[in-house]
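Participant: With this note's numbering, you'll find the sequence shown wraps up at 662, consecutive numbering, no jumps. Think of the CB as a built atom: it goes at the ideal place given N, C-alpha and C, for glycine as much as any other residue. Handing you a structure now.
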Amino acid sequence: MGIPLFKGSEVERLRLAGRAAAGTLEHVGSRLKPGVTTADIDAWVREDTARRGGTPSQLGYKGFPSTVCTSRNQVVCHGIPRADEVLKPGDILNVDVTTHLDGFHGDTSATFMIGEVSADARHVVDVARRCRDVGVSVVRHGARLGDIGAAVMALAKAEGCSIVEEFGGHGIGRQMHGEPHVPHVGKAGTGITLKSGMVITIEPMVNLGRPDIWMMPDGWTVVTADGSLSAQFEHTVLVTRDGCEILTPSELSLHIAASHPES
Numbered sequence: 400m401g402i403p404l405f406k407g408s409e410v411e412r413l414r415l416a417g418r419a420a421a422g423t424l425e426h427v428g429s430r431l432k433p434g435v436t437t438a439d440i441d442a443w444v445r446e447d448t449a450r451r452g453g454t455p456s457q458l459g460y461k462g463f464p465s466t467v468c469t470s471r472n473q474v475v476c477h478g479i480p481r482a483d484e485v486l487k488p489g490d491i492l493n494v495d496v497t498t499h500l501d502g503f504h505g506d507t508s509a510t511f512m513i514g515e516v517s518a519d520a521r522h523v524v525d526v527a528r529r530c531r532d533v534g535v536s537v538v539r540h541g542a543r544l545g546d547i548g549a550a551v552m553a554l555a556k557a558e559g560c561s562i563v564e565e566f567g568g569h570g571i572g573r574q575m576h577g578e579p580h581v582p583h584v585g586k587a588g589t590g591i592t593l594k595s596g597m598v599i600t601i602e603p604m605v606n607l608g609r610p611d612i613w614m615m616p617d618g619w620t621v622v623t624a625d626g627s628l629s630a631q632f633e634h635t636v637l638v639t640r641d642g643c644e645i646l647t648p649s650e651l652s653l654h655i656a657a658s659h660p661e662s
């Protein structure tokens, strides 16, 4: 399948790209509050990525028009920032940042709660974070791709949520998206065997309702078919002999972060 195995200076450059992406996500998270527009977020990502010496990987990728994906409430993924999309108390918002730095990419996302949110919103955000973390926890040399999907799917089902099947994680490194595709549903003991040096993303999309999705007319924005809330968290991880190394470490992406009071 041509899946690259990274080592030495390549791994250090991957760490730097991952930390840059995580830092930009933290920067955005610290500024979110009611009244902010998703276009504001796009501008912040553009500015902060440049300040860190990188470029936004998403801008222009297959024609994507923005530097960041901003997916609000029932939007599953690939939401396009807009000047007329204003955050309000009760919203949940996934911010997905990918940074290209010194030839390598780092990819991370978190779902933020804006002000006071409903119990359902808190639940789906919490489950999405834990689904990412349980997926990360099974990554190691010798594990199978299906082990990741089986663990994620079991947790979501136990919590009364569903996993979007059409999208998943991916290989990453010198390319933003590469092999292997990393499904977040699956059967343990199936799929390719992970090897030390592989770098992949774990990024389950968790719906409060059914897993079915619709594509909006813009050709990018994906929403839940039943209008239910959707949340997502993402890490880029390096497979190691003993487990994995999270290349996008961030306080914001390690817990349900940031309800910001209106001001």
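Would you say residue 505 and residue 552 are within 9 Å of each other, going by their C-beta atoms?
Facilitator: Taking 9 Å as the Cβ cut-off, residue 505 and residue 552 do not qualify as a contacting pair.
Participant: Compute the beta-carbon to beta-carbon distance between residue 508 and residue 650, rounded to the nearest angstrom, for a pair I have assumed lies under 8 Å.
Facilitator: Contact between residue 508 and residue 650 fails: their C-beta atoms lie close to 14 Å from each other, not under 8 Å.
Participant: Using only CA atoms, which one of 599, 591, 436 lies nearest to residue 572?
Facilitator: 599
Participant: Buried or exposed: residue 557, going by 16 or more other Cβ atoms within 10 Å of its Cβ?
Facilitator: Exposure of residue 557 is indicated by the presence of fewer than 16 other C-beta atoms within 10 angstroms of its C-beta.
Participant: Check this for me: beta carbons of residue 605 and residue 555, under 9 Å apart or not?
Facilitator: A contact, by the Cβ cut-off of 9 Å.
Participant: Jot down the residue ranges of each uninterrupted alpha helix (DSSP H) in the segment 548-594, minimum 4 residues, whole runs only, in chain order.
Facilitator: none
Participant: Taking only three categories from DSSP, how would you classify residue 647?
Facilitator: coil
Participant: With a cut-off of 8 Å, do at least 3 Cβ pairs link the segment 579-597 to the segment 614-625?
Facilitator: no
Participant: Tell me whether the beta-carbon of residue 498 lies closer than 9 Å to the beta-carbon of residue 454.
Facilitator: yes
Participant: Could you check which residue in 484, 639, 434, 628 has the C-alpha nearest to that of residue 510?
Facilitator: 628
Participant: Tell me which residue opens and which closes the alpha helix (DSSP H) that residue 424 is part of.
Facilitator: First-last of the alpha helix (DSSP H) with residue 424: 408-430.
Participant: How close, in whole Å, do the beta carbons of residue 535 and residue 643 come, if the pair is a contact with beta carbons under 8 Å?
Facilitator: Taking C-beta atoms under 8 Å as the contact rule, residue 535 and residue 643 qualify, at a distance of about 6 Å.
Participant: Are residue 527 and residue 405 close, meaning C-beta to C-beta below 9 Å?
Facilitator: no
Participant: Under 9 Å between the Cβ atoms of residue 530 and residue 607?
Facilitator: no
Participant: Compare the C-alpha of residue 480 against each of 488, 487, 489, 470 and name the closest.
Facilitator: 470
Participant: Short of 7 Å in beta carbon distance, which residues of its chain neighbour residue 533, apart from the five on each side in sequence? Order them along the chain.
Facilitator: Counting only Cβ-Cβ distances below 7 Å, and skipping sequence neighbours, we find 550, 551, 554.
Participant: Identify the residues that DSSP records as bridge partners of residue 504: which are they?
Facilitator: 499
Participant: Any idea if residue 613 is buried or exposed, counting beta-carbon neighbours within 10 angstroms, 16 or more meaning buried?
Facilitator: exposed
Participant: For residue 461 and residue 575, I'd like the C-alpha separation in whole angstroms.
Facilitator: 12 Å
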